[in-house]
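In what follows, a single structure is set out as structure tokens and then discussed.
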Amino acid sequence: MTARAAEEWPAHFVAFDLLRLSGTDTTSWPYRRRRAALESVFAARRLSAPWALCPSATEADVVREWLTWSSVGMEGLVFKRLDDAYRPSVRGWQKYKVRETSEAIVGAVTGSPAVPRTLLLGRYDDQGRLQYVGRTTTLARAMGAAVGGFLAPAQRGHPWTGWSFSAGWGTRKTLNVTLVRPELVVEVGVDVTRDASGRWRHPARRHRARPDLSPADVPHLMPPL
């Protein structure tokens, strides 16, 4: 079983820092020195897949080019000062996420349907089934009221009848949701990365309601990149 899983989903070790080298603690070294040592280890040992050295650059043009790779699922970039030592339990990295604007269908809400707190979003798969793809961040009251004006009570046979939804994002709590008629399209800002089921890995940021669009205008659920 393990061998089969390893063959179907091979794991790779991606190195981006070096905290110890031949018995020497390198955490006090500046990152510039640790990075050079890490690159030397890969070169000296001729390491290749499944070992991988995370790309690194200091040239602005290179970084700008990397940010165009969102189409292949690159979530973003992380930054660290070259002269920083490694400090355990201290967040020394900064992250820049690539986000895009897309559309989804509101299939359920948390809070009151008249003034929802969050929107549960769906997209149709190739078999015509409405699948859950993610949830928005908490809406401001005025924004929730504006969305609530477009929502209608769910009818019998709603595709999510009987489903349960996890609050996610580090908790196993089950959400208390109200199903609504899956007719309203909303425009949201989302990460480019998705999980194994094709759902957005992080909360979507609601931009605006799109009553001018129909569910048929929404892109179908796509497999993860």
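With the numbering used here applied, the sequence shown corresponds to residues 788 to 1012, in that order. Beta carbons are placed, not taken as given, at the ideal position from N, Cα and C, and that holds for glycine.
- Terminal residues of the continuous beta strand (DSSP E) containing W838? 838-840
- Reduced DSSP secondary structure (H/G/I, E/B, other) of T789: helix
- With 16 as the cutoff for other CB atoms within 10 Å, does S835 come out buried or exposed? exposed
- Query: For the stretch 991-1001 against the stretch 961-977, are there 3 or more C-beta pairs whose distance is under 8 Å?
  - Reply: Yes: the two stretches touch, three or more of their Cβ pairs being nearer than 8 Å.
- With distances taken from CA atoms, which of R993, P900, V934 is nearest N963? P900
- Task: Within the same chain, show all residues whose beta-carbon is closer than 6 Å to that of D912, passing over the 5 residues directly before and after it, in chain order.
- Result: Q918, L1008
- Message: Tell me the residue span of the beta strand (DSSP E) that contains G976.
- Response: 972-978
- Query: How close, in whole Å, do the beta carbons of W880 and V896 come, if the pair is a contact with beta carbons under 8 Å?
  - Reply: With 8 Å as the limit, W880 and V896 do not qualify as a contact, their Cβ atoms being about 35 Å apart.
- With DSSP as the reference, label W987 as helix, strand or coil. strand
- Task: Report all residues from its chain with a CB closer than 8 Å to the CB of M930; omit the five preceding and five following residues, and keep chain order.
- Result: Taken in chain order, the residues that qualify are R993.
- Message: Within 10 Å of its beta-carbon, does P1006 have 16 or more other beta-carbons around it, so buried, or fewer, so exposed?
- Response: exposed
- Query: Skipping 5 residues on each side, what residues in its chain have a beta carbon closer than 6 Å to that of S815?
  - Reply: A872
- Using beta-carbon positions only, say whether E862 and D1004 come within less than 8 Å of one another. no
- Task: Go through the stretch 833-907 residue by residue and report every complete run of the beta strand (DSSP E) that reaches 3 residues or more, in order.
- Result: Whole beta strand (DSSP E) segments, 3+ residues: 838-840, 863-866, 881-884, 886-898.
- Message: Considering just the uninterrupted stretch of the beta strand (DSSP E) at R995, what are its terminal residues?
- Response: 992-996
- Message: Measuring only the C-alpha atoms, how far is P940 from D870?
- Response: 58 Å
- Message: Within 10 Å of its beta-carbon, does S843 have 16 or more other beta-carbons around it, so buried, or fewer, so exposed?
- Response: exposed
- alpha helix (DSSP H) segment containing V934, residue limits: It spans 928-935 - the alpha helix (DSSP H) in which V934 sits, taken as one unbroken run.
- For G909, the residue or residues it bridges with in DSSP: I892, Y919
- Message: Quick test of your reading: A839 and L825, contact by CB under 8 Å. State the CB separation rounded to the nearest angstrom.
- Response: Not confirmed; about 12 Å, so no contact.
- Rounded to whole angstroms, what's the CA-CA distance from R819 to G915? Just pull it up for me. 52 Å
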